[in-house]
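Just add 945 to the spot in the sequence shown (first one is 1) and you have this note's numbering. A quick write-up on the structure given underneath.
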Amino acid sequence: MKISIIFLFLSAMLFTSPIIEEVRASFPNINSKEKAEEFIEKLEGSKSTIGQAYLAAMYLFKSRYVFFPTTKYKYFKKGKQKLDDLIKNNPKNIELRYLRFVFQHQIPKFLNYNKNINEDFLIFKTNINSSELDKNFKLKMLNEMLLVNNIESSIKNDITNLLKNYQ
């Protein structure tokens, strides 16, 4: 049993690229167009689902920092479509659900990208214990979810309870 756990941990470490770890560590604190562009450049060749998810996230961040409204909308639409498609193809992936949960709380309501918040959280909450993600990363995701704007009190309570399980 211990050997298989060690093997799974080592496999996850070997197959996670350094750029994914760098982006995970920086997310959601991307605070400039230049930083988003830097990550876009590094992630464009990624074939992994998670790499593509963070690429979508960088387009969403970039939409926040470009000047012209049409350009903002172009990057928003590109990131939104890419992330939604990834979730459609990987519906139980909690990291994808986490990314969309965070963005759907941050994106202005008039863009109508806030309809999956409860669904994403429910899938996240249901699958977090079975996820192979590292415990520390799960803690990071939960803590970041607590910081989003206008979080519902029931979701906040659920996140707080989940945090207790990982501490």
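For every residue, glycine included, the Cβ atom is placed at its ideal position computed from N, Cα and C. No experiment lies behind these values; they were computed from the predicted model shown.
Could you spell out where the alpha helix (DSSP H) holding residue i opens and where it closes?
| i | result |
| --- | --- |
| P963 | P963 to S971 |
| N1094 | Per DSSP, N1094 belongs to no alpha helix (DSSP H) and is neither H nor E. |
Run through DSSP, which three-state label would residue i get?
| i | result |
| --- | --- |
| G990 | coil |
| S1075 | coil |
| F1013 | coil |
| V1047 | helix |
| N1035 | coil |
| L995 | Before going on, a small fix: residue 995 reads as Ile here, not Leu. Residue state, collapsed to three classes: helix. |
| S977 | coil |
| K1085 | helix |
| Y1020 | helix |
| I1052 | coil |
| K1109 | helix |
| I1104 | helix |
| K947 | In this predicted model, K947 has a pLDDT of only 47, less than 50, meaning its place in the structure is not dependable enough to derive any value. |
| L955 | Here L955 scores only 39 on pLDDT, less than 50, and its place in the model should not be relied on; the value that follows carries that caveat. Helix. |
| N1063 | helix |
| Y1058 | coil |
Please say whether residue j and residue i have beta carbons closer to each other than 8 Å?
| i | j | result |
| --- | --- | --- |
| Q1051 | N1088 | no |
| I1104 | L1091 | yes |
| S1076 | I1039 | yes |
| Q1049 | N1034 | no |
| Y1043 | F1006 | no |
| Y1111 | K1080 | yes |
| V1047 | Y999 | no |
| L1056 | R1045 | no |
| A970 | M1003 | no |
Evaluate contact between the region 961–976 and the region 994–1006, counting only Cβ atoms and requiring at least three cross-stretch pairs below 8 Å. Enough Cβ pairs lie closer than 8 Å, so yes.
Cβ pair count under 8 Å reaching 3, the region 1015–1032 against the region 967–978: Short answer: they don't touch.
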